[in-house]
Amino acid sequence: MRNAKIDIRSIRVEEAKDYWALRLEALQSNPTAFGAAYEESVLLPIEEVEKRIGQDSSNYILGAFTTEGQLIGTVGFKREQSLKLKHKAFIWGVYVSEKFRGQGIAKQLMAEVIRRGKQLEGLKQVTLSVVTTNKAAVELYRKLGYETYGVERNALEYEGQGYDEEMMVYMYKE
1 MRNAKIDIRS IRVEEAKDYW ALRLEALQSN PTAFGAAYEE SVLLPIEEVE
51 KRIGQDSSNY ILGAFTTEGQ LIGTVGFKRE QSLKLKHKAF IWGVYVSEKF
101 RGQGIAKQLM AEVIRRGKQL EGLKQVTLSV VTTNKAAVEL YRKLGYETYG
151 VERNALEYEG QGYDEEMMVY MYKE
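The UniProt record's numbering applies: residue 1 is where the sequence shown begins, and numbers increase by one.
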């Protein structure tokens, strides 16, 4: 697996339309991989999408951009804010456009999230959940140091079929 030459950086508010187009692609092409539904998400006004794009180190969406500036992958990061939970953050919305898969882009996105997390004072762990049938994602997360701490049975339902989710955590070494 070779690493594609791409730029990994936070998505800016002015890139909301490109981000939302890729997010809708993800929800439509991989409906069993996400808790959000395309049918609901497509109705969201772009102003709401702009509000969701975080602008700080505790809440952001990373994008993977080609050398031509095309957005081809994303990952969301959100740190808990309350006193008893702020040692934790979670990953959401990991996606790489199908024709760019197998080039190490998801690995680069996730590695950047881990790197940024190390810089956040007091952050001790980052969690995520992944549908158990998504073997490539589960394998990637394990290689990056994520460990499984549970499985939620029937976490998602799509077209009458239930899907289990593996809950994983990355623990920062102190």
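Backbone N, C-alpha and C define an ideal beta-carbon position, used for all residues, glycine too.
Asked, Found
"By the DSSP assignment, the beta strand (DSSP E) with Ser129 in it spans what residues?", "Gln125 to Val131"
"Whose C-beta lies closer than 8 Å to the C-beta of Lys88 among residues of the same chain, with five residues either side of it excluded?", "Arg79, Glu80, Leu123, Lys124, Gln125, Val126 and Thr127"
"What residue from Arg9, Lys84 and Gly73 has the CA that sits closest to Tyr95's CA?", "Gly73"
"Would DSSP call Ile8 helix, strand or coil?", "strand"
"Please report how far the alpha carbon of Met110 lies from the alpha carbon of Gly160, in whole angstroms.", "31 Å"
"Could you tell me which of Ser129, Thr32 and Gly162 sits nearest to Ile91, measuring between CA atoms?", "Ser129"
"How about the region 44-56 and the region 8-20: do they share at least three Cβ pairs that are nearer than 8 Å?", "yes"
"Going by CA-CA distance only, name the one from Tyr146, Leu140 and Val131 that's closest to Gln103.", "Leu140"
"Where Val131 and Tyr170 are concerned, what is the direct C-alpha to C-alpha distance, given to the nearest angstrom?", "17 Å"
"To which residues does DSSP link Ile61 through a beta bridge?", "Gly76"
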